[in-house]
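Here the protein sequences line up with chains A and B, keeping their order. For the first sequence, position 165 matches number 334 in our numbering, and the numbering has no gaps at all. For the second sequence, position 227 matches number 1045 in our numbering, and the numbering has no gaps at all.
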Amino acid sequence: MAVTPSGESLDTFPRLLMHHARVRGARPAMREKDLGIWQTWSWSQVAEETQAFASGLAQLGFLRGDRLAIIGDNRPHLYGSMLSAQMLGGIPVPMYQDAVAAEMLFVLQDAGIHIAFVEDQEQVDKLLEIKDQCPELLHIVYDDPRGLNHYTQPFLHSFDEIVAAGRIRNQNQPEFIAAEIAQGRTDDVSVMLYTSGTTGKPKGVCQSHHAFIASARGGAEFDGLRDTDDILSYLPMAWVGDHLFSIAQAIYAGFTVNCPESGDTVLTDLREIGPTYYFAPPRVFENMLTQVMIRMEDAGAIKRGMFHYFMDVAKRCGAEILDGKPVSASDRLLYALGNLLVYGPLRNVLGMTRIRVAYTAGAAIGPDLCRFYRSIGINLKQLYGQTETCAYVGLQPDREIKFDSVGKPAPGVEIKIADNGEILVKGPMLLTEYYKRPDATAESINADGYFMTGDAGFLDHDGHLKIIDRAKDVGKLSGGAMFAPNYIENKLKFFQYIKEAVCFGHDRDMVCAFINIDMGAVGNWAERRNIAYSGYTDLACKPAVLELIGDCVAKVNAELAAEELTADTQIHRFLVLHKELDPDDDELTRTRKVRRGFIADKYAVLVEALYTGKPTQFIETEVKFEDGRRGKVAADLVIRDVPTYDAQGKRAA
Amino acid sequence: MAREIGEVILDLRNISLRFGGVKALTDISFDVRDHEIRAIIGPNGAGKSSMLNVINGVYRPQEGEIIFHGEHRRDMDTHEASAAGIARTFQNIALFKGMSVLDNLMTGRNLKIKTNFLQQALWWGPAQREEIEHRKKVEEVIDFLEIEHIRKTPVGRLPYGLQKRVELGRALAAEPKMLLLDEPMAGMNVEEKQDMCRFVLDVNDQFGTTIVLIEHDMGVVMDISDRVVVLDYGKKIGDGTPDEVKNNPEVISAYLGTQH
């Protein structure tokens, strides 16, 4: 644990904050764009303001151990309020700002919130709507007073009013806050983050100062974060990743948190700030790439030619140069030229000129996508973790990037793979408990003190962790090999021509797949080859399209063959479905996850045909149209065999 | 509501406007009180836009009298009107399509600029300070209307609903005391209309701006106006609170038709 020269240990976030105010008081702690101009708060300003707000909260009756609900977009005052609550030994409970009132009700009741700090009128209105059902909610404090001057409820307070009251109290009792901070212990709960609750009711995950500081220190040392770094904070404050980056690591390493002007301006703000440290989910990186590609298609022929030529160079050697691998002198020279003409300007357009470390997580990222960013010199890496582990389990080390792994165990983290393939983790970052749910706490941590992640995965020869699926989705082939449908489907979906895939294999002797083509990408591909088609069904049945998809499947097989654990789950036969899987037909969930069981039942005849070796199968399906009408889609589907490979990449069948 | 409606600030008496033989407005009288939302409604060609154009001096009525803040006059002059704090938006958007949102809003500050052309061309001293002041005001409007993300976008590239919002923004940038809105919600979808209603109410509430608006959507008019004046064929056929107007038999027949 870090210790100041005076011997005080920096083992809680408020102590770290006071430390920064002393040693780098004038450096920027937070920025926010307001009225078109970036406003800066220095560490000493943040320390002063959070202490004032803390005293103001105490005045409202906020006690040690109380929970403070925090609802709103990423705003400096909202981040600061987390520290104010922690100063008093309280627990901040950030909540998802776009949740509707009824969804907030559960968390407010479960956490027993007395005081809520919210961003603006929108959030105040939501709380007023449900206040009658939360008798424990006594005070609502708002940051932005706009539109609220006619609200006369006595329990509504403005941020300015609370801070002003706190300042007076701090003048009269200058030792009050210092004494409160001194009482804090490192094992105190520092934050409660609610799990999204995709399975059952949300659970409040209690994390201690110790856990988050250990995770922040591990990450900061791993990537060499320092006080000159800048991060753009635009992901929900209630999400564990944002808490790790924008609170824990920022306050551990002392770097600057930048809050965008609004949700719609993030890309502009990204360019203006030019962060050195950046996080985004895969879809953000995907959207940026699509934007670049679309704009390049509209560029003049010379620029377009130059772009494509140098992107080929980057594809060949860019990622290797970033990883410090040997690359021929001529390629190095070409890459340097490309850097001057294409990669540098491109990074600038994306706002990524200054990035030293960028992370992505939350979903599988396609290897091509990852490779694109790395090849133009952006150090994009993956990480892996859960709310229960402070989002800190696996990190990809610089220069050791494998596109299909989530990296090595992070410093201080111990990973074990259970017999059923489930990933078990142990370390300082584990949760203290689920709030008021000793049953759930006991269920999630096994007798040896390992947290059960619920994900299945394995450690490869170099000690890299690969995630394959949710543990409960993993099945077994009748031959005994582990079958992870999601893992294979994701590999298939990384091809732009494949939109959805459904794999079968549990309790069967081989893996077979249904495939949905991507209408846009395949349609475009067909047009360029003068293949005429009338609609999805027609296009999906074209022999040339089947050929194209067959090649993709064969490539996936080659990848699966290279890994010992997955070599037996290569795809033997596939068909392209005659209709697109659709949430309206209950084949996908609303978040577009395939409902494998439902699909297997609905298309039982097709599954049967896959496994009985039939060359074709007739199918007729009822579909719902958007306007509520119903119709039928019928087709004779051709079933194709795919070559499989052995570990050396030779064709096995 | 804390908002209080004050004295009459604009009084129109016996206004008649003719274009050759066409009588656009015939002997119309009504008043606007400080701080209120006053709607003008009527079927197509009733003379609503002509009425607004009389108020801010685009048209000169042949007969009648306009009393604005106690001053009697025969007609308004457009410059006088805007100097006196009357700003307006137009039925067909009148923005500079090739200029950014920000620049369009800055044109709304035109009348408030005190430094001369040479000072501004050199952009030195007072001119610089002044522009920063104006920019600050414009940024407040941008924040108010939640259009930060399109600050630098050329107006021509924006969807219709947003262009309408920008036009309101330009009028607001002039910090008007009275705002004339000519069909601010025409051609909008339900969601855009709701947004616009909220902005109109907020402007009225927070800046204390008096608002005179023409609108076809009866739901909107009845919801947000304090008083409504109804025109038909250039004549006034009703005047009063939304409820009074709704039950006025002449208004009903003008809108729904009557059995003859």
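A virtual CB, placed ideally from N, CA and C, is assigned to each residue, including glycine.
Test item: CB-CB of Asn615 of chain A and Leu593 of chain A under 8 Å: yes
Need the endpoints of the alpha helix (DSSP H) that Leu436 of chain A sits in, please. Val435 to Ile442
Using 8 Å for Cβ pairs, my map puts Asp829 of chain B next to Asp845 of chain B. What's the rounded Cβ distance? Wrong, their Cβ atoms sit about 15 Å apart, outside the cutoff.
On a Cα-Cα basis, can you pick out the residue from A:Asp467, A:Asp638, A:Ala190 and A:Arg820 that is closest to Gln214 of chain A? A:Ala190
Minimum Cβ-Cβ distance from Ala820 of chain B to chain A less than 8 Å: For Ala820 of chain B, the predicted structure reports a pLDDT of 47, less than 50, and the residue's modelled location is therefore unreliable. A value from the coordinates is still provided. Yes - at least one Cβ of chain A is within 8 Å of the one on Ala820 of chain B.
Taking buried to mean at least 16 other C-beta atoms within 10 Å of its own C-beta, is Phe935 of chain B buried or exposed? exposed
What is the DSSP secondary structure of Phe848 of chain B, counted as helix, strand or coil? strand
Using a Cβ-Cβ cut-off of 8 Å (strictly less than) and excluding sequence neighbours within five positions of Ala912 of chain B, which residues of its own chain qualify? Glu985
Compare the beta carbon distance of Phe275 of chain A and Ala238 of chain A with 8 Å and say whether it is the shorter of the two. no
So what does DSSP say about Ser868 of chain B, is it helix, strand or coil? helix
Strictly below 7 Å CB to CB, what residues from chain B border Glu430 of chain A? Glu966
For His630 of chain A and Glu789 of chain A, I'd like the C-alpha separation in whole angstroms. 47 Å
Got a sec? Which residues, its chain only, sit under 7 Å from Gly1026 of chain B by beta carbon, not counting five neighbours each side? His853
What residues in the stretch 409-442 of chain A bring their beta carbon closer than 8 Å to a beta carbon of chain B? Glu430, Ser431, Asp433, Thr434 and Thr437
Taking 8 Å as the threshold (C-beta atoms), are Leu746 of chain A and Ala690 of chain A in contact? no
So, for Val1069 of chain B: in the same chain, excluding its five sequence neighbours on each side, which residues have a beta-carbon less than 7 Å away from its beta-carbon? Val1048, Ile1055, Gly1056 and Val1063
Under 7 Å from the C-beta of Ile316 of chain A: neighbouring residues of chain B: The displayed chain sequence assigns Gly, not Ile, to residue 316 of chain A. Residues of chain B passing the Cβ test: Asp1020.
I'd like to know if Lys841 of chain B contacts chain A, where contact means its C-beta is closer than 8 Å to some C-beta of that chain. no
Compile a chain-ordered list of the residues in the stretch 198-228 of chain A whose CB is closer than 9 Å to at least one CB of chain B. Lys202, Asp203, Leu204, Gly205 and Ile206
Buried versus exposed, by CB contacts within 10 Å (16 or more), Phe794 of chain A: exposed
On the DSSP bridge list, what partners appear for Val360 of chain A? A:Gln376
For Gly618 of chain A and Glu591 of chain A, what's the separation of their Cα atoms in angstroms? 15 Å
Of the listed residues B:Leu980, B:Leu998 and B:Met1036, nearest to Ser900 of chain B (C-alpha basis): B:Leu998
Rounded straight-line distance, which links the Cα of Leu835 of chain B to that of Arg878 of chain B: 7 Å
Lys930 of chain B: which of B:Gly865, B:Val1030 and B:Leu990 sits nearest, CA to CA? B:Leu990
Contact check, Phe479 of chain A vs Glu557 of chain A, beta carbons under 8 Å: no
So that I know if they touch, is there some Cβ in chain A lying closer than 8 Å to that of Arg975 of chain B? no
For Arg969 of chain B, decide whether its Cβ has a neighbour in chain A, counting only Cβ atoms nearer than 8 Å. yes
Just grab the DSSP bridge partners of Trp212 of chain A for me. In DSSP, Trp212 of chain A forms no bridge with anything.
Would you identify the three-state DSSP class for Met170 of chain A, choosing helix, strand or coil? Because the pLDDT of Met170 of chain A is 48, which lies under 50, any placement of that residue in the model is unreliable, and the number read from its coordinates should be weighed accordingly. The answer is coil: DSSP assigns Met170 of chain A none of H, G, I, E or B.
Taking a contact to mean a Cβ-Cβ separation below 8 Å, would you say Leu515 of chain A touches Glu957 of chain B in this structure? no
Tell me, please, whether the CB atom of Ile794 of chain B is closer than 8 Å to any CB atom in chain A? The question about residue 794 of chain B has no answer, for chain B in this structure spans 819 to 1078.
Is Lys1011 of chain B buried or exposed, if buried means 16 or more other CB atoms sit within 10 Å of its CB? buried
For chain A, is any of its Cβ atoms less than 8 Å away from the one on Glu957 of chain B? yes
Would you say Ile823 of chain B lies against chain A (beta-carbon separation less than 8 Å)? no
Element boundaries [beta strand (DSSP E), containing Lys550 of chain A]: Leu549 to Tyr553
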